[in-house]
Amino acid sequence: MAFRRASWPEDASAGSADDLHAAGAEVAPDLDETQRRAGGFWPTVKGWARALVQSVWLRACITVALFAAILWNVDLPEIARRVRSVEIGYLLLGVGLLSINMILVALRWRLMLRRLGFRGLSTGYAIAATYAAIFVGQLLPGTVGTDAARGWLSYKKGARPAVAIAALVSDRLLALIGLALVVAAALVWQIDSVDRGVSVQIALLAGFVIFAAVFAVFLAPAAMKFLLRWWSWLQRPYDLIASLRPTLLSSAGAVGLALSCIVHMMAASMVLLSAYGFGIVLAPSTVCLVVPLAILVSTVPITIAGWGLREASLSVGLAWFGVSADDSALLALTLGLGIVVTSLPGGIAVLALNLGRSRKDPALRRFE
1 MAFRRASWPE
11 DASAGSADDL
21 HAAGAEVAPD
31 LDETQRRAGG
41 FWPTVKGWAR
51 ALVQSVWLRA
61 CITVALFAAI
71 LWNVDLPEIA
81 RRVRSVEIGY
91 LLLGVGLLSI
101 NMILVALRWR
111 LMLRRLGFRG
121 LSTGYAIAAT
131 YAAIFVGQLL
141 PGTVGTDAAR
151 GWLSYKKGAR
161 PAVAIAALVS
171 DRLLALIGLA
181 LVVAAALVWQ
191 IDSVDRGVSV
201 QIALLAGFVI
211 FAAVFAVFLA
221 PAAMKFLLRW
231 WSWLQRPYDL
241 IASLRPTLLS
251 SAGAVGLALS
261 CIVHMMAASM
271 VLLSAYGFGI
281 VLAPSTVCLV
291 VPLAILVSTV
301 PITIAGWGLR
311 EASLSVGLAW
321 FGVSADDSAL
331 LALTLGLGIV
341 VTSLPGGIAV
351 LALNLGRSRK
361 DPALRRFE
């Protein structure tokens, strides 16, 4: 905003107080507005950035501590021996499955956007945006960075913020429900070989995920609508939650749920193929039970991109089924490295999509 030049009297002392007040009033609105923007907005952004840097250091320390705990109890020479003798074809096939997974996740996200009425995202753009978001998410806590990047890119293409957020929430709910269904099916498949206490805990976790989804779709909208009588500020959250039910219970929601189940089973298949490559004996039902749970734990935003949490939970889960600490750690690290390798094309996508803010973008002009 340009400053306007005040038309002060040549001799201020000769002017009346009213003249001075009128001349000064011409400048005051612009100064107040500029100070509000420069003095209020940017310090807030800087504060957020400073807090983010501090939290990244904390999460980095937690990530390193978890990896140290994993590697403390393993025989590193034995792991090196297995790596040297690996059948690389199985690993390449596993990485290929993870690449297909990214495409399926992009299709599910685009499907939710279209169901919510936004059709400005092509299939190619959705895939590129998903790759870019996962690449960026490798440096941020949990899945927060990935979702933020996807929401920002859909917003830049013209999606309203409410639609972008609703699509991400719907996408995550479908992923959670699909995870619960895959885990429940694997638990039934593996019920005889799982300790009773462990099976009860897994069943409770799957039940809780399904209950949370049902609550979000059916009960939360009714409760928030009732509370709107007293708290009008709940209107926007209510609109968001109310949009979930028709989205998830539609044909698009059914397709998205099927895609979620396929995504989790293919991630489990990647670990199974890695086991074949390293010569580790592992049942398919075991990976279908343990891998989705490890991925769920890795979404807790206390480490960088879920690193450490995913590997620790996968190692512990495989140990329940008699897999040695060395083999568990090796498979966990292979899954993590496979995700990193798969996300590398996202670096090119980041440059191509220009994640930075563009003032010339028509989708952003109305918000400036």
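Using my numbering, read the sequence shown as starting at 1 and increasing by one per residue. The beta-carbon is built from N, C-alpha and C at its ideal position, and this holds for glycine as well.
Length-filtered (4 minimum) alpha helix (DSSP H) runs lying within the segment 254-330:
284-298, 309-319
Rounded to whole angstroms, what is the Cα-Cα separation between L31 and A166?
Residue placement at L31 is poorly supported in this model, since its pLDDT is 37, which falls under 50; the coordinates still yield a value, given next. Spanning the two alpha carbons is a distance of roughly 38 angstroms.
How long is the line joining the alpha carbons of P221 and A242, rounded to whole angstroms?
5 angstroms
Leaving aside the five residues before and after F67 along the sequence, list all residues of the same chain whose C-beta is less than 6 angstroms from its C-beta, in chain order.
G308
If you measure between the beta carbons of V290 and G322, is that distance less than 8 angstroms?
no
Determine the closest residue to A352 out of D327, A332, A128, S170, with distance taken between C-alpha atoms.
A128
So S285 packs on W189, CB below 8 angstroms; how close in whole Å?
4 angstroms
Taking only the alpha-carbon atoms, compute the straight-line gap between A349 and L168 and give it to the nearest angstrom.
20 angstroms
Could you spell out the range, first to last residue, of the alpha helix (DSSP H) harbouring I169?
Checking the sequence, you will find Val at residue 169 rather than Ile. Looking at the DSSP string, the run of the alpha helix (DSSP H) that includes V169 is 161-189.
State the DSSP-derived secondary structure class of F208, mapped to helix, strand or coil.
helix
Are at least three pairs of beta-carbons, each pair with one atom in the segment 268-282 and one in the segment 81-100, less than 8 angstroms apart?
yes
Let me make sure I understand the geometry here. Which of D171, L116, R119 has the alpha-carbon closest to that of L130?
What sits at residue 130 in the sequence shown is Thr, not Leu. Measuring from the Cα of T130, the nearest candidate turns out to be D171.
Backbone CA spacing between Q235 and L228 [nearest angstrom]:
7 angstroms
Do S250 and R110 come within 8 angstroms of each other at the CB atom, strictly closer than that value?
no
With DSSP as the reference, label N354 as helix, strand or coil.
coil
Spatially closest choice to V263 from A148, L204, L181, by CA coordinates
L181
According to the Cβ coordinates, are L257 and L174 closer than 8 angstroms?
yes
N- and C-terminal bounds of the alpha helix (DSSP H) containing R119:
Segment: none, R119 is in no alpha helix (DSSP H) and carries neither H nor E.
CB-CB under 6 angstroms to G347, same chain, minus the five flanking residues each way: which ones, in chain order?
F135
Are the CB atoms of A149 and G158 nearer to each other than 8 angstroms?
no
Check whether the Cβ of I79 lies closer than 7 angstroms to any heavy atom of the ligand ADP, and answer yes or no.
As for the ligand ADP, it is missing from this structure, which has no ligand bound.
So for K156, helix, strand or coil by DSSP?
helix
Going straight from the alpha carbon of A385 to that of L282, what length do you get?
No statement about residue 385 is possible, as the shown extent of the chain runs from 1 to 368 and does not include it.
Alpha carbon to alpha carbon, how far is C261 from M112? Give it in angstroms, no decimals.
16 angstroms
Pick helix, strand or coil for I348, following the three-state DSSP scheme.
helix
Could you give the distance in angstroms between the alpha-carbon of L259 and the alpha-carbon of L248?
13 angstroms
What three-state label does DSSP hand L234 in the structure shown?
helix
Can you tell me the Cβ-Cβ gap for V255 and V271, rounded? I've got them flagged as a contact below 8 angstroms.
V255 to V271, Cβ: 26 angstroms. No contact.
If you run the structure through DSSP and keep just helix, strand and coil, what is T342?
helix
Is N354 buried or exposed, if buried means 16 or more other CB atoms sit within 10 Å of its CB?
exposed
Roughly how many whole angstroms lie between the Cα atoms of R81 and S99?
28 angstroms
Within the continuous alpha helix (DSSP H) that includes L136, where are the two ends?
Before going further, note that residue 136 is Val rather than Leu in the sequence given. Segment 123-137, the alpha helix (DSSP H) holding V136.
Check whether L179 and L296 have beta carbons under 8 angstroms apart
yes
Rounding to the nearest angstrom, what Cα-Cα distance links Y238 and L76 in this structure?
53 angstroms
Cutoff 8 angstroms: L314 Cβ touching any chain C Cβ
This model lacks chain C altogether; it includes just one protein chain.
CA-CA distance, V300 and S328?
21 angstroms
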